[in-house]
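For the sequence shown, full-length UniProt numbering gives the first residue as 1, with consecutive numbering after it. Cβ coordinates follow ideal geometry from the N, Cα and C atoms, glycine included.
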Amino acid sequence: MSSAAADDLPDADLPADLPAEGAATITPYRDGPLIVRGDFRLVDQDGAEIDPGRKTVALCRCGKSGIKPFCDGSHKRSGFSAPSAPSRPRPAAAILRQARRPDTD
Ligand code: FES
1 MSSAAADDLP DADLPADLPA EGAATITPYR DGPLIVRGDF RLVDQDGAEI DPGRKTVALC
61 RCGKSGIKPF CDGSHKRSGF SAPSAPSRPR PAAAILRQAR RPDTD
């Protein structure tokens with residue numbers, strides 16, 4: 001099965017493939033897709049394999065791609081804007097940090 005992936009994007013500013021060694025790394029690109037590198041499996045919600053076609057893929061996070069779950073570059077035309085990292089911690093992360101603190105009583 002041929003699939004759209006990062007190499008199909010019209011914008012060539014995506015990173016080159018890195019060796020797929022070890023756990024996957026998922027990088028939210030500023031104003032763009034999620035870049036997935038490393039050892040990963042892509043499956044649909046029924047568990048069926050989706051062939052990524054290569055070791056590095058760009059997954060849409062703007063919702064505008066015509067080839068979801070892959071990015072097709074539509075985020076640029078739609079003016080999608082999102083930071084690469086969260087501007088503040090998730091509430092659940094704060095709760096977990098609080099729970100891990102040793103008692104100070
Ligand atoms: S993130 Fe690229 S099309 Fe959605």
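Extent of the continuous alpha helix (DSSP H) run through residue i
{"i": "residue 77", "result": "74-78"}
{"i": "residue 96", "result": "91-100"}
Close beta carbons around residue i, own chain, < 7 Å, minus the five adjacent residues each side
{"i": "residue 22", "result": "38, 39"}
{"i": "residue 59", "result": "33, 34, 36, 69, 70, 71"}
{"i": "residue 75", "result": "31, 32, 33, 62, 64"}
{"i": "residue 44", "result": "50"}
Where the beta strand (DSSP E) containing residue i begins and where it ends
{"i": "residue 26", "result": "25-28"}
{"i": "residue 42", "result": "Element bounds for residue 42: n/a, residue is neither H nor E."}
{"i": "residue 48", "result": "Run containing residue 48: none; DSSP gives neither H nor E here."}
{"i": "residue 85", "result": "Per DSSP, residue 85 belongs to no beta strand (DSSP E) and is neither H nor E."}
Residue i versus residue j - alpha carbon distance
{"i": "residue 95", "j": "residue 62", "result": "28 Å"}
{"i": "residue 102", "j": "residue 83", "result": "33 Å"}
{"i": "residue 41", "j": "residue 93", "result": "26 Å"}
Contact test: residue i Cβ vs the ligand FES heavy atom, cutoff 7 Å
{"i": "residue 30", "result": "no"}
{"i": "residue 64", "result": "yes"}
{"i": "residue 74", "result": "yes"}
Residues near residue i by beta carbon distance below 8 Å, same chain, minus five either side
{"i": "residue 78", "result": "62, 64"}
{"i": "residue 85", "result": "28"}
{"i": "residue 46", "result": "none"}
Same chain, Cβ closer than 6 Å to residue i, five either side skipped, listed in chain order
{"i": "residue 26", "result": "34, 36"}
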